[in-house]
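Chemist:
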Amino acid sequence: MNKEALLIYNPCSGHKEVLLNLDYITSRVQGMGYNLRIYRSKASGSIENYIIEKINRSNTDMLIISGGDGTINECVNGIMKKNLDIPIGILPLGTANDFAHTLGISSKLPLALDLIEQNHLSQIDVGKANEKYFINVCSMGVFSTISQNININIKNKFGKLAYYAKGFDAISHYEAMELEVITSKASINEKFFLILVFNGKGAGGFMRLANEANLSDGLFDIVCFKDIYLYDIPPLFFKVLQGEHLDNPHVIYFKTNNLSIKKSTLSKSYCTDIDGEHGPELPLNISVLSSALKVYTPLTSACHIG
5 MNKEALLIYN PCSGHKEVLL NLDYITSRVQ GMGYNLRIYR SKASGSIENY IIEKINRSNT
65 DMLIISGGDG TINECVNGIM KKNLDIPIGI LPLGTANDFA HTLGISSKLP LALDLIEQNH
125 LSQIDVGKAN EKYFINVCSM GVFSTISQNI NINIKNKFGK LAYYAKGFDA ISHYEAMELE
185 VITSKASINE KFFLILVFNG KGAGGFMRLA NEANLSDGLF DIVCFKDIYL YDIPPLFFKV
245 LQGEHLDNPH VIYFKTNNLS IKKSTLSKSY CTDIDGEHGP ELPLNISVLS SALKVYTPLT
305 SACHIG
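Just so you know, we're using our numbering here: the sequence shown kicks off at 5 and counts up by one.
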């Protein structure tokens, strides 16, 4: 008797490669012994609502997600809110595939499907910021609204170059944030231009931002960039590219399983970002849900469970 699989895809994601390969994907998944159903994202939030309303363990044995970090985030929010224990396969066909890159999942469709067929499951941590879940990063500061505001057609046409162009523009107009970062061991009051709470290793294609991160260690890697003069940014940027920034005096880096972030100045309003999507308002209470998600990965990734 065949098992049941569901493919969820974002038709606007990346170069729309999934649309050209639906028959190939269906054939491959059927060859693995699954009946395949397909859900096409209608609008922002539709994936999460569909999972909550329609999916359960009795009608779905595997969930396959085609898209970038934002599409995966919507799926994970639905899964976590529904408390589903369903393994996830990822086809990283979006513009930003930082989570998949951290896990070592190939962006080449046949190889990503090979990975699912090999049946290597890993237990992955999930982050929670107030009532929203994230799998890669929660951030606030100079780059927080880039992914949210960038035109989808420009993003699909130019890929990561579109993020970089917007990023350089944002740096020239940034305003420092006066924040208090609180953990069980310390309280840090400082002016920051960027705070990154990593479950994964990178964001926006910069995959060395949190070199030491592990998706299954039950800890976040916190990377906080202090407010600095504009002329100090280029040398720090090159350190980031080389993955040598964590011991820089302008950077605060530590690991923790929970933290709170509050505004020091109540009159200010700062935007937050969750996996490239609009995040909750401050204050943030952020915690790790250890080993909360089962994902098909290479054997070398995270914590292999079977």
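Yeah, the Cβ is synthetic: ideal placement off N, Cα and C, and Gly gets one too. Treat the numbers as computed from the prediction; the structure is a model and nothing was measured.
(1) What are the boundary residues of the alpha helix (DSSP H) that includes methionine 211?
(2) Tell me the DSSP secondary structure of leucine 263 in three-state form.
(3) Excluding five sequence neighbours on each side, which residues of the same chain lie with their C-beta closer than 7 Å to the C-beta of isoleucine 109?
(4) Between the beta-carbon of histidine 52 and the beta-carbon of glycine 18, is there less than 8 Å?
(5) Output needed for isoleucine 256: all residues of its chain with C-beta closer than 6 Å, excluding positions within five of it in sequence on either side, in chain order.
(6) Helix, strand or coil for isoleucine 68? Go by DSSP, reduced to three states.
(7) Taking the alpha carbon of lysine 58 as the reference point, which residue from Lys86, Gly37 and Ile68 has its own alpha carbon closest?
(8) Put tyrosine 13 into one of helix, strand or coil per three-state DSSP.
(9) Pick from Ser291, Leu24, Leu219 and Met211: whose alpha carbon is nearest that of phenylalanine 2?
(10) Roughly how many angstroms separate the alpha carbons of leucine 303 and leucine 234, rounded to a whole number?
(11) DSSP three-state call for lysine 195: helix, strand or coil?
(12) Is the CB-CB distance between serine 289 and asparagine 193 below 8 Å?
(13) For leucine 40, which beta-bridge partners are listed by DSSP?
(14) Does DSSP classify tyrosine 274 as helix, strand or coil?
Modeler: According to the structure shown:
(1) Secondary structure note for methionine 211: it is in no alpha helix (DSSP H), with a DSSP letter that is neither H nor E.
(2) In this structure, DSSP gives leucine 263 an extended state, which the three-state scheme calls strand.
(3) Counting only Cβ-Cβ distances below 7 Å, and skipping sequence neighbours, we find Ile94, Pro96, Ala116, Leu119 and Thr301.
(4) Rather than histidine, the amino acid found at residue 52 in this sequence is glutamate. Against a cut-off of 8 Å, the Cβ pair of glycine 18 and glutamate 52 comes out as no contact.
(5) Answer for isoleucine 256: Cys228, listed in chain order.
(6) DSSP places isoleucine 68 within a strand segment (E or B) once states are collapsed to three.
(7) Closest in alpha carbon position to lysine 58, among Lys86, Gly37 and Ile68, is Lys86.
(8) In the three-state scheme derived from DSSP, where H, G and I count as helix and E and B as strand, tyrosine 13 is classed as strand.
(9) For the chain, the structure presents residues 5 to 310; residue 2 sits outside this window and is missing.
(10) Looking at the two C-alpha atoms, the distance is approximately 43 Å.
(11) Of the three classes helix, strand and coil, the one that applies to lysine 195 here is strand, per DSSP.
(12) It is worth fixing the name first, because residue 289 is asparagine in this sequence and not serine. No; because the gap between Cβ atoms is not below 8 Å, this pair is not in contact.
(13) DSSP lists Ala9 as the beta-bridge partner residues of leucine 40.
(14) Tyrosine 274 falls in the coil class under three-state DSSP.
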